[in-house]
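Q:
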Amino acid sequence: MEHLLHLYNTLKRKKEKFIPENTPFVGIYVCGPTVYGDPHLGHARPAITFDLLFRYLKYLGYKVRYVRNITDVGHLENDADTGEDKIAKKARVEQLEPMEIAQYYTDRYHSAMDSLNVQKPSIEPRASGHIIEQIQMIEKIMENGFAYETNGSVYFDVENYNKKFSYGKLSGRVLDDLLANTRELDGQSEKRNSFDFALWKKAEPEHIMRWPSRWSDGFPGWHLECSAMSTKYLGKKFDIHGGGIDLLFPHHECEIAQSVAAQGYDAVNYWVHNNMITINGQKMGKSLGNFITLDELFTGSHKLLVQAYSPMTIRFFILQAHYRGTLDFSNEALQSAEKGLQRMLAATATLDKIKATDTTTASIKNLKADCLQALNDDLNSPILIAHLFDAVKNINAIAAGLYTINKADLEELKNIFQVFIFEILGLKNENTMSSRNEVMSDVVNLMLNLRIDAKARKDFETSDKIRNELAKLGFDIKDKKDGFEWTLLK
RNA sequence: GGUCUCUUGGCCGAGUGGCUAGGCACCGGUCUGCAAAACCGUCCACUCCAGUUCGAGUCUGGAAGAGACCUCCA
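Going letter by letter, the first sequence gives residues 10 to 499 in our numbering.
Now the structure itself:
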């Protein structure tokens, strides 16, 4: 399977040629959401980034197993391994079973992902469904001497681990620096060092989510679930681990430590991180309270939004930036994405109406190679989109009679659009008519035909009235040489 | 404080040591009863200072500003 896909590997700090561990199989693990709140714009970024990777790898012919977890236990509210479980807290506040909370927000997440046309992962494991695997992993780590128990809780012994392996190679952190920075143990702590992290936490009496173990009734640490579930489903050595760059430290660093401590080597070949979405230059996040949920974006119900934005607009907005750069939210940027997307999708419709001629004068020769090259260069979707816009320009010019295209080239062009816009970028036309709407469609056509008649009579008062009233209802009407076109905005 | 990253035109956002990124907006034109769309064209750029180079927004050094991580976060 010869290709030139290169991915930026955070571990090596450079782009590397992607070579799977076991061609043609590819294993990807991506950190999914902690389901205690509505998914926001930030969640859309890794979902769409790795959806693009998933789709492209499949296009290249790989058999991809994509695992994205649901964190429904173990993610603590506060600082290092104290504080309340996020989901348990929400459950207590709303007087529900923790699993009711998890289920509710999992459903919300799924629904948002469906709207964004994000393909479902091959496996979507839940942390709470893998307690046994996590306990087994802790036992392994303890056997190897890299964990210790205190009062029923088990902690990872970072200092001891660092003697044999090196802690911090992903995030570029040096343990001595961490030591120097955080040497303030209050004696009360169960941890030997502040940077040690919990593998198992003994549950306080009021803690609702708990499982029995040989150490205590308790629950697993947050970092553990990803290590346990990724290796369970993808093997002890798999290809790609993805996630937001904010998870790089400590979460992913700890994952590496856990895997190495348990099995002697890291499970991951390529660490791939998407950057953050910012708002006014600042990271959009829960803690800052400056996030906009996807639902709010879809409905326009947030004070910062001047209008609603469709899921495809959001998707296009995200794909128009490279995944490793920050992307700044603004109404202006969303609106320009909306228009750009509209133009691109309009061209796909135009493409279906183009008639082939004997010769091709439009320049589409290198289009496919250019598109592939863009994706091969660390998934450079903005470059890909730029090439597609060049094609849009050509398509419109052909439609306007400025260029011509022959049959073979037209088929090729249609194929390229199908593959890159719909299959790989995962865009879709949101205005496709359901059968129920066909009647309405006929009515609109009827009105517009009346308008044509009125225009023929030079009864512009009537023709404008029809157009303006339809426009008020949300119809976008364009006159053509041979009739009209309309779409229903919103 | 430590580690790291970024600074591109009105806005968003790519990229490379020398050749137009792209989108949106604006302006002029073609088309149209008008408008929209489409097409053609114009305009607008690489934070600052110094260096390397025949040539740097692209490499090096410095300055300023911004951000991320170091605590939960996609």
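Glycine included, each C-beta is placed from N, C-alpha and C at the ideal position.
All of these numbers come straight from a predicted model, not from anything done at the bench.
Cutting at 6 angstroms between CB atoms, please list the residues of its own chain near G41, excluding the five before and the five after it.
A: Indexing the first sequence from 1 puts residue 41 at position 32. Result list for G41: R77, N78 and I79, in chain order.
Q: Quick check on the burial criterion: 16 or more other C-beta atoms within 10 angstroms. Buried or exposed for P130?
A: Numbered from its first residue, the first sequence carries residue 130 at position 121. By the 10 Å Cβ count, P130 comes out buried.
Q: May I have the straight-line CA-CA distance separating A355 from S203, to the nearest angstrom?
A: Numbered from its first residue, the first sequence carries residue 355 at position 346. Numbered from its first residue, the first sequence carries residue 203 at position 194. Looking at the two C-alpha atoms, the distance is approximately 57 angstroms.
Q: Mind listing, in chain order, the continuous alpha helix (DSSP H) runs of no fewer than 4 residues lying wholly within the region 353-427?
A: 376-385, 390-408 and 416-426
Q: Quick check: the Cα distance between S390 and L62, rounded to an integer number of angstroms?
A: Residue numbering aside, residue 390 sits at position 381 when the first sequence is read from its first letter. Residue numbering aside, residue 62 sits at position 53 when the first sequence is read from its first letter. Their Cα atoms are separated by approximately 10 angstroms.
Q: Count the CB pairs spanning the region 243-256 and the region 266-279 that are closer than 8 angstroms, and state whether there are at least three.
A: The region 243-256 and the region 266-279 touch, with no fewer than 3 CB-CB distances between them shorter than 8 angstroms.
Q: So, helix, strand or coil for V2, using DSSP?
A: With the chain running from 10 to 499 in the structure shown, residue 2 is simply not present.
Q: Can you tell me which of K487, A330, T496 and K211 puts its alpha carbon nearest to the alpha carbon of M449?
A: Counting from 1 along the first sequence, the entry for residue 449 is found at position 440. The candidate whose alpha carbon is nearest that of M449 is T496.
Q: Taking only the alpha-carbon atoms, compute the straight-line gap between L350 and W209 and give it to the nearest angstrom.
A: If you number the first sequence from 1, residue 350 lands on position 341. If you number the first sequence from 1, residue 209 lands on position 200. Between L350 and W209, the C-alpha separation is close to 48 angstroms.
Q: Taking 8 angstroms as the cut-off, does the region 111-123 touch the region 151-168 (at least 3 CB pairs, one atom from each stretch)?
A: Here the region 151-168 makes no contact with the region 111-123; the two share fewer than three CB pairs at distances below 8 angstroms.
Q: Note down, in chain order, each residue of its chain lying with its Cβ closer than 7 angstroms to the Cβ of P48, except the 5 sequence neighbours on either side.
A: Locating residue 48 in the first sequence gives position 39, counting from the first residue. Cβ within range, chain order: P42, R117, Y118, A121, T302 and L303.
Q: Could you name the residues that DSSP lists as bridge partners for S162?
A: What you label residue 162 is simply residue 153 of the first sequence in a count that begins at 1. Its beta-bridge partners are T159.
Q: Please name the residue in Y45, R466 and E494 whose C-alpha comes closest to that of R476.
A: Reading the first sequence from its first residue, position 467 is the one you call residue 476. In terms of CA proximity to R476, E494 leads the group Y45, R466 and E494.
Q: Along the chain, where does the alpha helix (DSSP H) that runs through D473 open and close?
A: Residue numbering aside, residue 473 sits at position 464 when the first sequence is read from its first letter. Taken as a continuous stretch (DSSP letters only), the alpha helix (DSSP H) holding D473 covers F469 to K481.
Q: I141 lies in the alpha helix (DSSP H); which residues open and close that run?
A: Position 132 of the first sequence, counting from 1, holds the residue named residue 141. Counting along the chain, the alpha helix (DSSP H) containing I141 begins and ends at I140 to E152.
Q: Between N385, L360 and G309, which lies nearest to A317 when the distance is taken from Cα to Cα?
A: Along the first sequence, one-based indexing puts residue 317 at 308. Closest by C-alpha distance to A317, out of N385, L360 and G309, is G309.
Q: Kindly identify the DSSP beta-bridge partner or partners of P229.
A: Position 220 of the first sequence, counted from the first residue, corresponds to residue 229. Beta-bridge pairing links P229 to W209.
Q: Could you check what DSSP says for G492 in three-state terms: helix, strand or coil?
A: By 1-based counting over the first sequence, the position of residue 492 is 483. Strand, per DSSP.
Q: Using 10 angstroms around the beta-carbon of L297, count the other beta-carbons present and answer buried if the total reaches 16, otherwise exposed.
A: Here residue 297 refers to the residue found at position 288 of the first sequence. So L297 counts as exposed.
Q: Quick check: what's the CA-CA separation for V401 versus N375?
A: Within the first sequence, numbered from 1, the residue matching residue 401 stands at position 392. Within the first sequence, numbered from 1, the residue matching residue 375 stands at position 366. So the alpha carbons of these two residues sit roughly 14 angstroms apart.
Q: Is R74 closer than 8 angstroms to L243 when the C-beta atoms are compared?
A: Position 234 of the first sequence, counting from 1, holds the residue named residue 243. Position 65 of the first sequence, counting from 1, holds the residue named residue 74. A contact, by the Cβ cut-off of 8 angstroms.
Q: CB L314 to CB L50, shorter than 8 angstroms?
A: Within the first sequence, numbered from 1, the residue matching residue 314 stands at position 305. Within the first sequence, numbered from 1, the residue matching residue 50 stands at position 41. In this structure, L50 does not lie closer than 8 angstroms to L314 by Cβ.
Q: I need the DSSP call for E199, collapsed to helix, strand or coil.
A: On the first sequence, residue 199 is found 190 positions in, with the first residue counted as 1. Three-state DSSP puts E199 in coil, outside helix and strand.
Q: Pick helix, strand or coil for I57, following the three-state DSSP scheme.
A: Walking along the first sequence from the start, residue 57 turns up at place 48. Reduced to three states, the DSSP call for I57 is helix.
Q: Opposite N31 in the DSSP bridges: which residues?
A: If you number the first sequence from 1, residue 31 lands on position 22. In the DSSP output, where bridge partners are listed per residue, N31 has F34.
Q: Taking the alpha helix (DSSP H) that Y563 belongs to, which residues open and close that run?
A: Nothing about residue 563 can be read from this structure; the chain reaches only from 10 to 499.
Q: Y65: buried (16+ other C-beta within 10 angstroms of its C-beta) or exposed?
A: What you label residue 65 is simply residue 56 of the first sequence in a count that begins at 1. Buried, by the Cβ-count rule.
Q: Once the 5 residues before and after N299 are set aside, which same chain residues still bring their CB inside 7 angstroms of it?
A: By one-based count along the first sequence, residue 299 stands at place 290. Cβ neighbours of N299 beyond the five flanking positions: I288, Q291 and M293.
Q: Between H216 and F431, what straight-line distance do the alpha-carbon atoms span, to the nearest angstrom?
A: Mapped onto the first sequence, residue 216 falls at position 207. Mapped onto the first sequence, residue 431 falls at position 422. Each residue's Cα considered, the two are about 47 angstroms apart.
Q: Pick out the complete beta strand (DSSP E) segments inside the region 245-333, 3 residues or longer, and give them in chain order.
A: Scanning the region 245-333 from its first residue to its last, the whole beta strand (DSSP E) runs of 3-plus residues come out as 247-253, 277-283 and 286-288.
Q: Compare the C-alpha of K487 against each of N458, R101, N415 and G70 and name the closest.
A: Numbered from 1 along the first sequence, position 478 holds the residue referred to as residue 487. For K487, the nearest C-alpha among the options comes from N458.
Q: Would you tell me roughly how many angstroms separate the C-alpha atoms of A212 and Q267, rounded to the nearest one?
A: On the first sequence, position 203 is the one that residue 212 refers to. On the first sequence, position 258 is the one that residue 267 refers to. When rounded, the distance between both Cα atoms is 22 angstroms.
Q: Just tell me which of R333, Q329 and G334 has its CA closest to the CA of L343.
A: Translated into the one-based positions of the first sequence, residue 343 becomes position 334. It is Q329.
Q: Going by Cα to Cα distance, which pick from D379, T19 and M238 is closest to K178?
A: As a first step, residue 178 must be located in the first sequence, where it is residue number 169. Checked all of D379, T19 and M238; the closest Cα to K178 is T19.
Q: Report the rounded CA-to-CA distance for K527 versus K481, giving the unit in angstroms.
A: The structure shown does not extend to residue 527, since the chain is modelled only from 10 to 499, so the question has no answer here.
Q: What are the boundary residues of the beta strand (DSSP E) that K26 is part of?
A: Your numbering for residue 26 matches position 17 in the first sequence. From DSSP, the beta strand (DSSP E) with K26 extends over K23 to K26.
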